[in-house]
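In this note's numbering, the protein residues as written are 1 to 182.
Shown next as structure tokens:
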């Protein structure tokens with residue numbers, strides 16, 4: 001994709017806020033006993049999204065959920081196909097035993113990131129269940145993985161790119177679809 005690729009706004013900052021509010025409500029409704037629920041964000045943008053969901057759940061239910069962060073770089077099976085980066089520090093400062101873990105990520109595509117995250121989480125304990133919350137589901141799965149909580153289903157072509165912007169990392173909120181030229 002070049003800098004001049006056509007860009008389509010998928011979610012504005014306001015639409016993203018409403019989408020996160022809905023996701024938080026769905027997690028509350030289907031998450032069971034909130035005392036046993038923990039959120040774990042997948043680096044990079046899943047971490048601030050997990051904090052945003054936790055903040056909204058606290059606002060709605062007056063329950064503060066534990067939030068962790070996991071880096072799955074060394075668990076990936078496709079390191080030869082993706083750009084490499086220095087792994088971030090996994091931070092799970094709570095016991096996962098018998099907890100319901102909600103993994104949080106920005107975009108689900110092939111399912112490989114989530115497969116790696118499942119392996120990583122199981123190295124830190126044995127939760128009673130693992131659920132998946134994503135802001136955008138763009139399809140094209142290579143593995144039989146399906147999110148439990150989805151902000152927006154966005155059918156895409158394989159050569160398109162979904163870009164999530166978060167205030168904490170990018171200075172603004174929103175989601176864009178970048179289409180190839182031509």
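By construction, the Cβ of each residue, glycine as well, lies at the ideal position given by its N, Cα and C atoms.
Taking the alpha helix (DSSP H) that residue 121 belongs to, which residues open and close that run?
According to the DSSP assignment, residue 121 belongs to the alpha helix (DSSP H) that extends over 112–122.
Within the chosen definition, does the segment 127–140 reach the segment 66–77 through at least 3 CB pairs nearer than 8 Å?
Short answer: they don't touch.
Measuring straight from C-alpha to C-alpha, what distance separates residue 154 and residue 137?
Each residue's Cα considered, the two are about 6 Å apart.
Proximity to residue 165 [Cα-Cα], best of 175, 157 and 156
Comparing Cα-Cα distances from residue 165 to each of 175, 157 and 156, the minimum goes to 175.
Hey, residue 36 and residue 100 are a contact pair by Cβ (cut 8 Å); roughly how many whole angstroms apart?
Confirmed, Cβ separation roughly 6 Å.
Continuous beta strand (DSSP E) stretch holding residue 63: start and end
Taken as a continuous stretch (DSSP letters only), residue 63 belongs to no beta strand (DSSP E), as it is neither H nor E.
Determine contact between the segment 36–48 and the segment 142–151, defined as no fewer than three beta-carbon pairs at a distance below 8 Å.
In short, these stretches do not touch, since the Cβ pair count stays below three.
Close-in-space but distant-in-sequence residues of the same chain around residue 90 (CB under 6 Å, 5 per side omitted):
Here the set comprises 70 and 71.
Would residue 95 be called buried (16 or more neighbouring beta carbons within 10 Å of its own) or exposed?
Exposed, by the Cβ-count rule.
In the DSSP assignment, what are the bridge partners of residue 137?
DSSP lists 108 and 153 as partners of residue 137.
Pick from 173, 167, 178 and 181 that is closest to residue 12, judged by C-alpha positions
The shortest CA-to-CA distance from residue 12 to any of 173, 167, 178 and 181 is the one to 173.
Kindly identify the DSSP beta-bridge partner or partners of residue 174.
Beta-bridge pairing by DSSP links residue 174 to 165.
For residue 63, which residues from the same chain have a beta carbon less than 6 Å from its beta carbon, with the 5 sequence-adjacent residues on both sides left out?
Hits under 6 Å: 34.
Opposite residue 91 in the DSSP bridges: which residues?
Paired residues: 69.
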